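Scroll down for the structure; my scribbles are underneath it.
Numbering (UniProt numbering), first residue to last: 1 to 700.
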């Protein structure tokens, strides 16, 4: 209850049910059983005053001389004696007074007796009630109502920094940024140690594109409250806007350290790594983020009190779920090859590209098709594609789902669906919709990963895949909906090419293969395709296209890595992991990371050397984690006389070392290893991170 001035009274009508359930806390009560009767003023005693801060009992009110059966509905109004006006005293009202002054009470009684009855329309509730309702309206998005209530509450409690803080944040959400800054600065004047007020000011500064100011306010918030992961995320995003990517990475890593079960540190880290073209690492962190929050894959922008960085108008962030054209390597070959082989099939025809994503595939098809519609479930992807490829008059993008395609019956000549079917489990519904929109002699070109080769054999699980199909399952599904189809396989493999040195449109390729004895001139089918590609139609002529083809990209890194496996070096950066418990270890060091394979290898092998000494619990081994999987566990049993000399009082110091070679098993452009200690009490302590990058060496 606020402290009212001596000339101030409050009229309150409370429902009788609220009194019985102890929902209201009045102190001094004046009861008016009937407007024509005298008013009973209950003295402000220590007993009635104690009701201010706690729940009251019915007996308390009876002892105070108040007949609770006469109480009625609630309203509330604050008045001053100097401007006191007649109050509508309906039957069974009550009045709360702020003091016990007999002379003042008598004046109030006389004014009530002589006054005319009318209705007060403007009602004012207590500050705490205003704040509660304003906060609720803010959460509900009723910003105008919330702003009004915050301002009214400030008039009653002008020294509450929280009111200015909440008002400022609400004004910022409303887009009234300059007003928001004024209110937030008032909050900081009242409470300079308010970390949240500084954070809100930083978020407003980002919206105003005042990134240096934003960094200042986020730094101040962290100084006040250094254990809040949200402030590090916000600071990292501001640093990204200044293209200070390394500093941003440090902030996001700190956010992850403070809150390892929050998706936002991993998500933001994936975005800044994508800015640095470290796409493999970016994908792994994004996958970690969606494992923590699966909804993130559908809702790419979440506020969570974090200002999201604006999307580049010409570049979509790589998440690992959708291919984007700037990503190089094997995934580039696979995706571009599929769209390229459709160029003749779609020539002069109307085309639907299901799950069009960034839009690059639909744009490729639009070169020969009469019209192309790209459909994707993700609204942001559709907006992005529409903006990027707006110059193509025969191409458009719309939001839709593969089990509910927003197109008329029999309106499409060719449906293209590449790497879509495995992302959901509504396969029957998808095929029914494809059949509905296809013309009677229409064509479907569809791909699907081979579950046996893609997932089972390498023991791999793609976090974006919901239901993959084995070959027979894929065949059975196609047989159910199409009279004719031809099944092809796709995989990346090694080959030798003899080719003309003059680029031209006409070319002929003769195929050769061999067995153990001889070289044969013949086409050969490769075993174990990673993907299936099917050409389907209810018209036999619709599948009379030869899709056997080769995709080459002479400028791509995959070609260089495949043909020059000896011509690369690995650079490694060691990053510290802060300890939650500084008393867990006596010491630890990673002496170095060395590349062990320089030729005749298609993978990455790194030698790690170091030592570790546990304090609370003995460290028995270290684990090396790559892509969230433990790839190796190494016992701590390597002699380290240098460590024993420093820690001579510790018997474990003599054999505290480790030395091991880690085989990544694949040639990637970049990656990250996490090294953690495994203690005898089964706890794990993160020690170091090793970020590595493959750098192609120039030919001598």
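Backbone N, C-alpha and C fix where the C-beta goes; we use that ideal spot for every residue, glycine too. The model shown is predicted, which means the values in this text are computed figures rather than measured ones.
Can you give me the start and stop residues for the alpha helix (DSSP H) that residue 641 sits inside? Per DSSP, residue 641 belongs to the alpha helix (DSSP H) from 641-646.
Assigned secondary structure, residue 651 (DSSP; H/G/I helix, E/B strand, else coil): Assigned with DSSP and collapsed to three states, residue 651 falls in helix.
Throw me the rounded Cβ distance for the residue 361 and residue 397 pair, which I believe falls under 8 angstroms. With a Cβ gap of about 11 angstroms, residue 361 and residue 397 do not count as contacting.
May I ask you to list the residues that DSSP assigns as paired with residue 659? Note: residue 659 is bridge-paired with 609 in the DSSP secondary-structure output.
Hey, residue 459 and residue 531 are a contact pair by Cβ (cut 8 angstroms); roughly how many whole angstroms apart? Taking a contact as a CB-CB distance under 8 angstroms, the pair residue 459 and residue 531 does not count as one, their CB atoms being some 18 angstroms apart.
Let me check one thing: in DSSP terms, what residues is residue 685 bridge-paired to? According to DSSP, residue 685 bridges with 677.
Can you name, in chain order, every residue of its own chain whose Cβ lies under 6 angstroms from the Cβ of residue 269, other than the five neighbours on each side? In its chain, beyond the 5 residues on either side, 252 and 285 have a beta carbon closer than 6 angstroms to the beta carbon of residue 269.
Measure the C-alpha to C-alpha separation of residue 234 and residue 243 and round it to an integer number of angstroms. Distance between the alpha carbons of residue 234 and residue 243 is about 14 angstroms.
So what does DSSP say about residue 433, is it helix, strand or coil? Residue 433 falls in the helix class under three-state DSSP.
Leaving out the 5 sequence neighbours to the left and right, which residues in its chain are closer than 6 angstroms to residue 528 when beta-carbon positions are compared? Same-chain partners within the cutoff: 453.
Give every residue of the same chain whose Cβ lies closer than 7 angstroms to the Cβ of residue 426, excluding the five residues on either side of it in the sequence, and list them in chain order. 403.
Taking all protein chains shown into account, do 16 or more other C-beta atoms lie within 10 angstroms of the C-beta of residue 146, making it buried, or fewer, making it exposed? Buried, because 16 or more other Cβ atoms sit within 10 Å of the Cβ of residue 146.
Residue 484 to residue 399, Cα distance in whole Å? Residue 484 and residue 399: Cα-Cα distance of roughly 30 angstroms.
Which residue's Cα is closest to the Cα of residue 260: 291, 239, 271 and 208? When C-alpha distances from residue 260 are compared across 291, 239, 271 and 208, the shortest belongs to 291.
Can you look up residue 482 in the DSSP assignment and give me helix, strand or coil? Correct three-state label for residue 482: coil.
Does DSSP classify residue 447 as helix, strand or coil? Here DSSP, grouped into helix, strand and coil, assigns residue 447 to strand.
Residue 153 - containing alpha helix (DSSP H), residue span: It spans 143-156 - the alpha helix (DSSP H) in which residue 153 sits, taken as one unbroken run.
Which class does residue 425 belong to by DSSP, given the choice of helix, strand or coil? Secondary structure of residue 425 (DSSP, three-state): coil.
What distance in whole Å lies between the Cβ atoms of residue 416 and residue 382, which are believed to be in contact at a cut-off of 8 angstroms? Residue 382 to residue 416, Cβ: 17 angstroms. No contact.
Measure the alpha-carbon distance for residue 300 versus residue 380 and round it to whole angstroms. Confidence at residue 300 is low in this model, with a pLDDT of 45, below 50, so the placement of that residue should be treated as unreliable; the coordinate-derived value is given next. The alpha-carbon atoms of residue 300 and residue 380 are separated by roughly 8 angstroms.
Since residue 590 contacts residue 613 with CB under 8 angstroms, what's their CB separation in whole angstroms? Taking 8 angstroms as the upper bound for CB-CB distance, residue 590 and residue 613 are not in contact here, some 14 angstroms apart.
Rounded to whole angstroms, how far is the Cβ of residue 238 from the Cβ of residue 202, which I believe are closer than 8 angstroms? Contact flag correct, Cβ pair sits at about 7 angstroms.
For residue 656, which residues in the same chain have their Cβ closer than 7 angstroms to its Cβ, ignoring the five residues on either side in sequence? Excluding sequence neighbours, residue 656 sits near 611, 612, 613, 636, 640 and 643.
Closer than 6 angstroms by C-beta to residue 266: which residues in its own chain qualify, once you throw out the five before and the five after it? Chain order, please. Take residue 266, set aside five residues on each side of it, and the residues of its chain with a beta-carbon closer than 6 angstroms to its own are 285, 288 and 289, in chain order.
For a quick check, are the C-beta atoms of residue 413 and residue 442 less than 8 angstroms apart? One thing to note: residue 413 has its Cβ within 8 angstroms of the Cβ of residue 442.
Between the beta-carbon of residue 675 and the beta-carbon of residue 622, is there less than 8 angstroms? Yes, the Cβ-Cβ distance between residue 675 and residue 622 is below 8 angstroms.
Burial state of residue 389 (16 or more Cβ within 10 Å): Residue 389 is buried by the Cβ-count criterion.
Is the separation between the beta-carbon of residue 488 and that of residue 533 shorter than 8 angstroms? If you check the CB distance, residue 488 and residue 533 come in under 8 angstroms.
Measuring straight from C-alpha to C-alpha, what distance separates residue 421 and residue 246? Going by the C-alpha atoms only, they are around 38 angstroms apart.
Go to residue 711, then tell me how far its alpha helix (DSSP H) extends in each direction, as first and last residue. For the chain, the structure presents residues 1 to 700; residue 711 sits outside this window and is missing.
Mapping DSSP to helix, strand and coil, what is residue 440? Residue 440 falls in the strand class under three-state DSSP.
For residue 112, which residues of its own chain have a beta-carbon under 6 angstroms away from its beta-carbon, when the five flanking residues on both sides are left out? No answer about residue 112 holds up, because its pLDDT of 41 lies below 50 and its placement is not dependable.
Counting along the chain, where does the alpha helix (DSSP H) carrying residue 199 start and finish? Here the alpha helix (DSSP H) through residue 199 covers 195-207.
Roughly how many angstroms lie between the CA atoms of residue 679 and residue 659, to the nearest whole one? Inter-residue distance for residue 679 and residue 659 is about 18 angstroms (C-alpha atoms, whole angstroms).
Near residue 525, what residues of its chain come up, given a Cβ to Cβ distance below 8 angstroms and the 5 sequence neighbours on each side ignored? Result list for residue 525: 489, in chain order.
Proximal residues to residue 354 (C-beta, below 6 angstroms), its chain only, five neighbours per side dropped: Same-chain partners within the cutoff: 375, 402, 417 and 420.
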